[in-house]
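J.: Numbering (the numbering used here), first residue to last: 549 to 960.
Following this message is one structure expressed as structure tokens.
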Amino acid sequence: MIDYKKAQKILINSKINIKNEIILAKNSINRISAKNIYSPTNYPAGNNTAFDGYAINSKETSRASSKNIKKFKILKTIGAGDNPKIKNVKKFSTIEVMTGALIPKPFDTVIPIELIDFYPNKKNPKFILINKKIKKNNHIRFLGSDYKKGEKVISAGKVINSSHILALKSLGVDKIIVKKRPVIMFYSTGNEISEKTNIPDWKVRNSNSHYIKSLSKNLFFEFIDGGVLRDKDDKLFKKLINKNFNSKCDIIITNGAVSAGKFDFVPRVIKEFNLSNYFKGVAIRPGKPVLFAKFKNKEKAFFGLPGNPISSAACFKFFVDPYLRSILNMKKEKPFKAKLKNSYEKKKNFTKFLKGKVSTNKKGTLEVEVLKGQESFRIKSFTRANTWALFRSGKSTFIKGALIECFNLLGG
Numbered sequence: 549m550i551d552y553k554k555a556q557k558i559l560i561n562s563k564i565n566i567k568n569e570i571i572l573a574k575n576s577i578n579r580i581s582a583k584n585i586y587s588p589t590n591y592p593a594g595n596n597t598a599f600d601g602y603a604i605n606s607k608e609t610s611r612a613s614s615k616n617i618k619k620f621k622i623l624k625t626i627g628a629g630d631n632p633k634i635k636n637v638k639k640f641s642t643i644e645v646m647t648g649a650l651i652p653k654p655f656d657t658v659i660p661i662e663l664i665d666f667y668p669n670k671k672n673p674k675f676i677l678i679n680k681k682i683k684k685n686n687h688i689r690f691l692g693s694d695y696k697k698g699e700k701v702i703s704a705g706k707v708i709n710s711s712h713i714l715a716l717k718s719l720g721v722d723k724i725i726v727k728k729r730p731v732i733m734f735y736s737t738g739n740e741i742s743e744k745t746n747i748p749d750w751k752v753r754n755s756n757s758h759y760i761k762s763l764s765k766n767l768f769f770e771f772i773d774g775g776v777l778r779d780k781d782d783k784l785f786k787k788l789i790n791k792n793f794n795s796k797c798d799i800i801i802t803n804g805a806v807s808a809g810k811f812d813f814v815p816r817v818i819k820e821f822n823l824s825n826y827f828k829g830v831a832i833r834p835g836k837p838v839l840f841a842k843f844k845n846k847e848k849a850f851f852g853l854p855g856n857p858i859s860s861a862a863c864f865k866f867f868v869d870p871y872l873r874s875i876l877n878m879k880k881e882k883p884f885k886a887k888l889k890n891s892y893e894k895k896k897n898f899t900k901f902l903k904g905k906v907s908t909n910k911k912g913t914l915e916v917e918v919l920k921g922q923e924s925f926r927i928k929s930f931t932r933a934n935t936w937a938l939f940r941s942g943k944s945t946f947i948k949g950a951l952i953e954c955f956n957l958l959g960g
């Protein structure tokens, strides 16, 4: 049995290669950018107005005053999307501009419609009247003031979200290079596992595969349900692994049959293969029997997760998810810290992943409560939890008020 830190190092040193692919930017939600993405254009593409109003050349107002009112002839109206080109602009001219309209030269400032005096009158406007000096660049959104051509929009390894898609489409980025979704082949194990709703007391409903499949909806992988391996399916399991070597799957995961019982065949079968990296048993709770292997000379990895629901969920969170992030060249998930609401004790040499509930107290400080019902078979506390609280090895007593690392539940 190894400690949690050593297990993490083995995972980092056991990366498999995930290829890239080109997809439409509009279809890239929750995909991982494989390369830096740069803006192909300036945004805004030209100087445009932030208000409805009238554009003038500010230099022509230098002598304007209440005693020297200047008349600017209205030439035309330009709306957003209109071609802004205009020929033969004479001195003391103006154009009406709608929000978003490009501002052609020599105009360089905008007066909002609410501040305009018309001549001869508002119903029949031919001119606007200016009775003071107007500053240059009023109410103008400048070319490239948001994104300059060649400026980085998204860094490699970033999860693409809806705001990114808005930016990509605004900038004219049609296609992008992303990492392919790693494909997970998942097998449940055990004679007790059933997909039926009505079962006898000695059976267990298959929940773990459905939980992990649900995570694939918001995370970075594709899920294939390989079905259920029964207690004496060790030979079938070996055949399936060999078959998966020639399939599109990148990671094989089993659930159950990973401990030391009579029917726990997974570790024995896995060790029959040529492996480059391997661990079995980590000083953690829940999930101590967790297994990992990297197949030698194959771009395939294997995880054996424990069968109890919370053990399985914890091991996916703290082993499989970090591994997925690593092979997709993403940054590690950063925990946030919260003050412990209730003191807690554990074995010194074990790392514990605990179901917790984070809240904000009256002072605005984050607090985390270790929920009752931490046993790996208890699911009620998991439905109440909104965080995984990480209690690292090397310490046994955690007093009230201690800062605790907290992680998102993954789909919780």
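The beta-carbon is built from N, C-alpha and C at its ideal position, and this holds for glycine as well.
Fair warning: this is a prediction, and the values are worked out from it, not measured in the lab.
Is the segment 864-877 touching the segment 913-930, taking contact as three or more C-beta pairs under 8 Å?
T.: Too few Cβ pairs lie closer than 8 Å, so no.
J.: Return the first residue and the last residue of the alpha helix (DSSP H) that D782 is part of.
T.: Taken as a continuous stretch (DSSP letters only), the alpha helix (DSSP H) holding D782 covers D782 to F793.
J.: For the alpha helix (DSSP H) containing L767, name the first residue and the last one.
T.: Per DSSP, L767 belongs to no alpha helix (DSSP H) and is neither H nor E.
J.: Where does E662 fall in DSSP's three states?
T.: Reduced to three states, the DSSP call for E662 is helix.
J.: Assuming the contact rule is C-beta atoms closer than 8 Å, Y602 and I682 should be a hit. Round their C-beta distance to whole Å, please.
T.: Actually they do not touch by this definition, with Cβ atoms about 10 Å apart.
J.: Select from E953, E820, W936 and F930 the residue whose C-alpha is nearest the C-alpha of F843.
T.: The shortest C-alpha separation from F843 is found at E820.
J.: So for L714, helix, strand or coil by DSSP?
T.: Helix, per DSSP.
J.: Per DSSP, which one or two residues make a beta bridge with T899?
T.: DSSP, once it has assigned bridges, lists I832 as partnering T899.
J.: With C863 as the anchor, note down where its alpha helix (DSSP H) starts and where it stops.
T.: C863 -> alpha helix (DSSP H) spans P857 to C863.
J.: Might you give, ordered along the chain, the residues of its own chain that have their beta carbon closer than 8 Å to the beta carbon of D782, omitting 5 neighbours on each side?
T.: Once the five neighbours on either side are set aside, the close Cβ partners of D782 are F813, R816 and V817.
J.: Whose CA, out of N679, F599, G904 and A950, lies closest to the CA of E533?
T.: Residue 533 lies beyond the residue range present for the chain, which begins at 549 and ends at 960; the question has no answer from this structure.
J.: Taking the alpha helix (DSSP H) that T642 belongs to, which residues open and close that run?
T.: First-last for T642: S641 to V645, but that is the beta strand (DSSP E), not the alpha helix (DSSP H).
J.: Output needed for V752: all residues of its chain with C-beta closer than 8 Å, excluding positions within five of it in sequence on either side, in chain order.
T.: Excluding positions up to five away in sequence, the list reads G738, E740, I741 and S742.
J.: Using 8 Å as the threshold, is the segment 688-701 in touch with the segment 575-593, meaning 3 or more CB pairs across them?
T.: The segment 688-701 vs the segment 575-593: in contact.
J.: Pull up the CB-CB distance for K903 and F930, whole angstroms please, since I reckon it's below 8 Å.
T.: The pair is a contact, with the Cβ atoms about 6 Å apart (cut-off 8 Å).
J.: Could you compute how far the alpha carbon of N616 sits from the alpha carbon of G648?
T.: Approximately 32 Å between the Cα atoms of the pair.
J.: Using the Cα positions of K674 and Y667, report the straight-line distance between them to the nearest angstrom.
T.: For K674 and Y667, the distance between alpha carbons rounds to 6 Å.
J.: Under the three-state reduction of DSSP, which class applies to I818: helix, strand or coil?
T.: Note: I818 maps to helix in three-state DSSP.
J.: Let me make sure I understand the geometry here. Which of K574, S941, E893 and A937 has the alpha-carbon closest to that of L719?
T.: Nearest C-alpha to L719: K574.
J.: What residue from R932, S757, F793 and T913 has the CA that sits closest to A861's CA?
T.: Ranking R932, S757, F793 and T913 by Cα distance to A861 puts S757 first.
J.: In the DSSP output, what is S736 paired with across the bridge?
T.: Beta-bridge pairing links S736 to V776 and N803.
J.: To which residues of the same chain is V731 closer than 6 Å at the C-beta, ignoring the five residues directly before and after it?
T.: Excluding positions up to five away in sequence, the list reads E770, K796, C797 and D798.
J.: My output table needs one value for G960: the three-state DSSP class, helix, strand or coil.
T.: Residue placement at G960 cannot be trusted, given a pLDDT of 45 that sits under 50; what the coordinates show is reported in the next sentence. G960 falls in the coil class under three-state DSSP.
J.: What's the gap between the Cα of T908 and the Cα of F620?
T.: So the two alpha carbons sit approximately 59 Å from each other.
J.: Using DSSP with H/G/I as helix, E/B as strand and the rest coil, what is T657?
T.: T657 falls in the strand class under three-state DSSP.
J.: Just tell me which of V776, D630 and F768 has its CA closest to the CA of M878.
T.: M878 has its Cα closest to that of F768, out of V776, D630 and F768.
J.: For K706, tell me which candidate among N956, N790, K670 and I724 has the shortest Cα-Cα distance.
T.: Checked all of N956, N790, K670 and I724; the closest Cα to K706 is I724.
J.: Figure out for me which residue from K887, V637, N596 and S641 has the closest Cα to the Cα of G627.
T.: G627 has its Cα closest to that of N596, out of K887, V637, N596 and S641.
J.: Looking at the unbroken beta strand (DSSP E) that takes in K911, where does it start and where does it end?
T.: From DSSP, K911 is part of no beta strand (DSSP E); its letter is neither H nor E.
J.: Work out the CA separation of N934 and S606 for me, nearest whole Å.
T.: Those two C-alpha atoms are separated by around 58 Å.
J.: Going by CA-CA distance only, name the one from E847, F811 and N578 that's closest to S800.
T.: Rather than Ser, the amino acid found at residue 800 in this sequence is Ile. Answer by Cα proximity: E847.
J.: As a quick exercise: from R926, I688 and K639, pick the residue whose alpha carbon is nearest that of D656.
T.: If we check each option's Cα against that of D656, I688 comes out closest.
J.: Leaving out the 5 sequence neighbours to the left and right, which residues in its chain are closer than 7 Å to L823 when beta-carbon positions are compared?
T.: Here the set comprises A841, K842, F843 and K844.
J.: Roughly how many angstroms separate the alpha carbons of I760 and K865, rounded to a whole number?
T.: In a straight line, the C-alpha of I760 is about 10 Å away from that of K865.
J.: Could you check if G774 is buried or exposed, using at least 16 other CB atoms within 10 Å of its CB as the buried criterion?
T.: Buried: at least 16 other Cβ atoms inside 10 Å.
J.: Should G804 be labelled buried (16 or more other beta-carbon atoms within 10 Å of its own) or exposed?
T.: The residue is buried, with at least 16 neighbouring Cβ atoms inside 10 Å.
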